[in-house]
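Residue numbers (my numbering), protein chains in the order written: chain C, 62 to 243; chain P, 62 to 243; chain X, 62 to 243; chain B, 62 to 243. Note that the Cβ used here is the ideal one computed from N, Cα and C, for glycine as well.
Number of protein chains: 4
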Amino acid sequence: MGSGETRERILKAALELFSEKSYHEVSMGEIAKKAGLSKGGLFHYFPSKYDLAREVLFRLLDGWIDELEERLEGLSGREMLKALVDAAFELVTSNPKLSRFFLELYEESLKRERGSEWDEFYGRYIGVTSQVLRSAGISEPEKRAILLGAIVDGLALHHLLSGGRLFDVEDMKREVLRIMGV
Amino acid sequence: MGSGETRERILKAALELFSEKSYHEVSMGEIAKKAGLSKGGLFHYFPSKYDLAREVLFRLLDGWIDELEERLEGLSGREMLKALVDAAFELVTSNPKLSRFFLELYEESLKRERGSEWDEFYGRYIGVTSQVLRSAGISEPEKRAILLGAIVDGLALHHLLSGGRLFDVEDMKREVLRIMGV
Amino acid sequence: MGSGETRERILKAALELFSEKSYHEVSMGEIAKKAGLSKGGLFHYFPSKYDLAREVLFRLLDGWIDELEERLEGLSGREMLKALVDAAFELVTSNPKLSRFFLELYEESLKRERGSEWDEFYGRYIGVTSQVLRSAGISEPEKRAILLGAIVDGLALHHLLSGGRLFDVEDMKREVLRIMGV
Amino acid sequence: MGSGETRERILKAALELFSEKSYHEVSMGEIAKKAGLSKGGLFHYFPSKYDLAREVLFRLLDGWIDELEERLEGLSGREMLKALVDAAFELVTSNPKLSRFFLELYEESLKRERGSEWDEFYGRYIGVTSQVLRSAGISEPEKRAILLGAIVDGLALHHLLSGGRLFDVEDMKREVLRIMGV
DNA sequence: TATGAATGAGTCTTCATTCAT
DNA sequence: GATGAATGAAGACTCATTCAT
């Protein structure tokens, strides 16, 4: 008791901070303060900043895929594709700095020779996405899955860079569906 | 205000370093050393790290647009589109960390309340791109220009994340041309 | 106050770690892990790191003297001297970091104003050694006992510093016997 | 100007502190404070604690050998031997924690894979010592040089451990001369 | 122009120890 | 007996920036 709770508090605080600032700009002291425990206590739960940040990100991403899979149940191919695009845009627009955080963490993982930790998530993502595209009757679904991911992330990037002024989100969703689609 | 050869040497050294490591990982001392002058001397040419980095990036981007405009001269609409996609892929693949650098610097500019500095470049980029798309007879060229930029950046991002293993560049170029165009 | 099996497990784990690394480089967490109990549990058996380390060292040294006394029984004066030198070299070469550990702990004891804890051991050591020298018919046995201890420790130190490349152990033993002895 | 002076101030402060406490017990902040500059300033002169400590020790040792060589000029073999023993005892008794400092630093150098830095000093030491022994007509001077170093260091160790109560220094010097000697 | 000395705030991380359970 | 959560102080080191010369 207490154990899991503090951990959650830490993860929540870290998520909030990493959503505001870059990996390197957020300090462990800051996270500890926000989570309401000492710096030493923080290291009791997470052996390093990288490990904490990675858990923050993976929870977010895994949670997103879980939710997506739920949403997709019982839908037709077309509807699935639409739901997928919706979910992808939701993810990146609700958490605009996610791509950047992802990137930073990935580089950090390379530096620590722990790059392989990402394979599982990436595989899962491509798996779900290409499955949806296949169900929608789209040819070469693996390639299109990659393309879809890239487009959504690219749009998120530019959305972020322009402070949301660059394009209308619903408009772009339609465009993406057109590209993917039919 | 500093000009001439030393300035160029600094910019060259900085470009090389920012192509290897993130903004925060490159230190002014490192740049000074690589450029062959003292830290104090470096600050004589550039008032801050941010200003130096921004000049590095803007030179790169402006140079890219200049070269692109040259290449486009005398081409037909279709050929222009192909040349544009080629150039975009060249830029991001020859300098894989560019998107990240761009992102970091943009955030740094926001922190310093100098976000408007980017407008000019972005306007120029959209201008050239949409002009090409218009020449190629594509409808809604502004919107497509944004999309094209996002796709290329998104692909660059994933290319970087996967260490180049994710997709074949030529293959993706064809895909992008298909999306854009015809 | 703690007794029995767990206590032994702790002492064994600590000995192994202190044989590899310096006093300050070995952490209580490490010892606890190796001994298979929690950090809190460890402090249940030993009130401080210093007390644990001191017990490790004193057991080793007392054990060495016990064994030496056994070995000496029934030997002639000359043979005793040889056995003593053998045992001394065995101790320091089988546990090359012993001198360093001894030194560190001694300083730690001074800091804690518990320097007198060492007197008993030192007295016992000088007692046995000078007794042997006296039996071997050597004059000024107390002084020579001190000298012998110093030589063996000094050689151990240099042996350690040179990674064992500095001299041949058997060769030096003969040299020490010559000095002491005959 | 000012350059060399500050450096000397730092080295002096560091020597004093390392003469009181162990390597790990002396902090860079402490040294900086004692030397009268900021922590950052300290790192301007020495890239790491190890490098600073190493320079402190090597200066001491090199200075000792320099002085020894001066003292030896023009002496007969016997006198040289006596002067060598005097100098060795002076070194270790005037700076009782030297052996320990030496040891700590040596281990630190191994951890940093810079163990070879010690070869030059050790070679110089053995060179001078064995030369003296040879001049004094002693057989196997290299082996005896090692032995002499070990004895003196061992005695220093015990002298330190016993707080100087263990033996009379002049008495032991005679003993060492007898051992070495004639 | 150019140097390099100097600052000071900040970084992640370690660790012996305590204590409620 | 035993756990593990939590502390708090300390540690080495980094770095953009300033300034006297």
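When burial is assigned at 16 or more other CB atoms within 10 Å of the CB, is residue i buried or exposed?
i      : result
B/S88  : exposed
C/R239 : exposed
P/R205 : buried
X/L221 : buried
B/P108 : exposed
X/E178 : exposed
B/K172 : exposed
X/S83  : buried
P/V230 : exposed
B/H105 : exposed
P/K73  : exposed
P/K158 : buried
C/D214 : buried
C/G210 : buried
B/E69  : exposed
P/E134 : exposed
C/E36  : As shown, chain C starts at 62 and ends at 243. That puts residue 36 of chain C outside it, with no answer to give.
X/E169 : buried
P/E236 : buried
P/G90  : exposed
Check whether the Cβ of residue i lies closer than 9 Å to any Cβ atom in chain P.
i      : result
C/S223 : yes
C/W179 : yes
C/E168 : yes
Hey, is residue i's beta-carbon within less than 9 Å of any beta-carbon in chain X?
i      : result
B/G63  : Confidence in B/G63 is poor, its pLDDT being 43 and thus under 50, which makes the residue's placement too unreliable to answer from.
B/I199 : no
B/M89  : no
B/E130 : no
Using a C-beta cutoff of 9 Å, does residue i count as contacting chain C?
i      : result
P/G244 : It is not possible to answer for residue 244 of chain P, since the shown part of chain P is limited to 62 through 243.
P/S83  : yes
P/E165 : yes
I'd like to confirm something about residue i: is its beta-carbon nearer than 8 Å to some heavy atom of the ligand ZN, or not?
i      : result
P/G224 : Judged by which ligands are present, the structure shown has none, so any question about the ligand ZN falls away.
For residue i and chain B, any beta-carbon pair shorter than 9 Å?
i      : result
X/S99  : no
X/E140 : no
contact_flag[the region 104–121 of chain B, the region 151–171 of chain B] where n(CB pairs < 8 Å) is 3 or more:
yes
Quick one, which residues of the region 181–197 of chain P are near chain C if we go by CB-CB under 8 Å, in chain order? Y183
Interfacial residues, the region 103–121 of chain X to chain B, with Cβ spacing under 8 Å: none
Check: Taking contact to mean at least 3 C-beta pairs separated by less than 8 Å, is the region 189–205 of chain X in contact with the region 123–138 of chain X?
Finding: yes
Fill in: Residues of the region 203–220 of chain X with Cβ closer than 9 Å to any Cβ of chain B, in chain order
K204, R205, I207, L208, G210, A211, I212, V213, D214, G215, L216, A217, L218, H219, H220
Which residues, in chain order, does the region 69–81 of chain B contribute to contact with chain X at a C-beta distance below 7 Å?
none
Exercise. If you measure beta-carbon to beta-carbon, which residues of the region 151–163 of chain C are closer than 8 Å to chain P?
Worked result: S160, R161, F163
Worksheet item: Taking any Cβ of chain C, which residues in the region 222–241 of chain P have a Cβ under 7 Å from it, in chain order?
Response: L222, L227, F228, E236, I240
Exercise. Could you tell me whether the region 139–155 of chain C touches the region 195–202 of chain C, using the rule of 3 or more Cβ pairs below 8 Å?
Key: yes
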